[in-house]
Amino acid sequence: MKVGMLVHSLILLLFLANGIDSNVYSCEELKYRVINSNMVFNYISVCVITEEGFTDASYNQLKHIYVDQDKQWSLYRIDDCLSSEHWKITADKGFTLNCDQDFTVFFTDRYPTIPMMNTPPHKGVQHTTLKTQYNYPFVVPQTGIRIQTTSCEGEGNVTVYSGTGSSANEESYLLRTYTCASVPQWIFSFDLSITMVADDSVTYSVEYTSNIDSTVTIAPGERIAIRSQ
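Residue numbers (our numbering): 8 to 236.
What follows is the structure, encoded as structure tokens:
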């Protein structure tokens, strides 16, 4: 069976948890909700992830947006993630953010431990294996990721969370826990981010890509999970 990834009606039928709040913000959310607001973020780290093909003009915009009240740290200066205690997003007077290209800002109560995952999934297929008890945040500024299970071994679980953490303190909530026998062959997410964690006894390998406009072939009996907030 071939499934076109723009068939949004499937989103209403599969997976769970709509409308969950998050500590993850798109360009549009920053522009209209966060910048120069009264919002203060009490997290250990702030991270900036740009979509694939982010241009110099888009990067230069980030010089006008700051994460600290003293305006010492602009989004432009942050190399993936920055650690501190309190964050407040402000912008230069008269600056208007252009969101023709997207980027994601997220806050977390830890410094992300897997640098490879702090980049957006590329159009080409990437590979990774979840290591013991590490959080693997998949962050997709342009929204949309396809994850294919290539192998899962062990007696424990693979757990999927919303957002970029694994606790309510990070505004991240448990979505689903799978055994290796029940983990879907395909996970499609239309959120800005999801996080996956493998138990000590599990080795879980996946392929992932942000190329969700293409058609994929689903074999008879394969399990699919589709998530959209």
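Cβ coordinates follow ideal geometry from the N, Cα and C atoms, glycine included.
For residue i, count the other beta carbons within 10 Å of its own beta carbon; 16 or more makes it buried, fewer makes it exposed. Which is it?
i    : result
Q79  : exposed
F195 : buried
F113 : buried
S169 : buried
Q149 : buried
T62  : exposed
Y141 : exposed
Y39  : exposed
A226 : exposed
F145 : buried
S52  : buried
P122 : With a pLDDT of only 40 at P122, under 50, the local geometry of the prediction cannot be trusted, and no value is derived from it.
F102 : exposed
D220 : exposed
R84  : exposed
Are the beta-carbon atoms belonging to residue i and residue j less than 8 Å from one another?
i    : j    : result
E59  : H134 : no
R230 : I201 : no
T171 : V31  : yes
Q68  : N105 : yes
S81  : Y73  : yes
G163 : S208 : yes
K138 : N218 : no
T115 : Y211 : no
The beta strand (DSSP E) with residue i in it runs from where to where?
i    : result
T269 : No answer is possible for residue 269: the residues shown for the chain start at 8 and end at 236.
A188 : Where A188 is concerned, there is no enclosing beta strand (DSSP E), given that its DSSP letter is neither H nor E.
N142 : N142 to V146
S196 : W193 to S196
Y168 : N164 to S169
Y32  : V31 to S33
Is the shortest distance between the beta-carbon of residue i and the beta-carbons of chain C less than 8 Å?
i   : result
Q79 : Of the protein chains in this structure there is only one, and it is not chain C.
Could you pull out every unbroken beta strand (DSSP E) segment of at least 3 residues lying fully inside the stretch 58 to 98, listed in chain order? With a minimum length of 3 residues, the continuous beta strand (DSSP E) runs that stay inside the stretch 58 to 98 are 88 to 90.
Do the stretch 92 to 108 and the stretch 183 to 192 meet, that is, are 3 or more Cβ pairs less than 8 Å apart? The stretch 92 to 108 vs the stretch 183 to 192: no contact.
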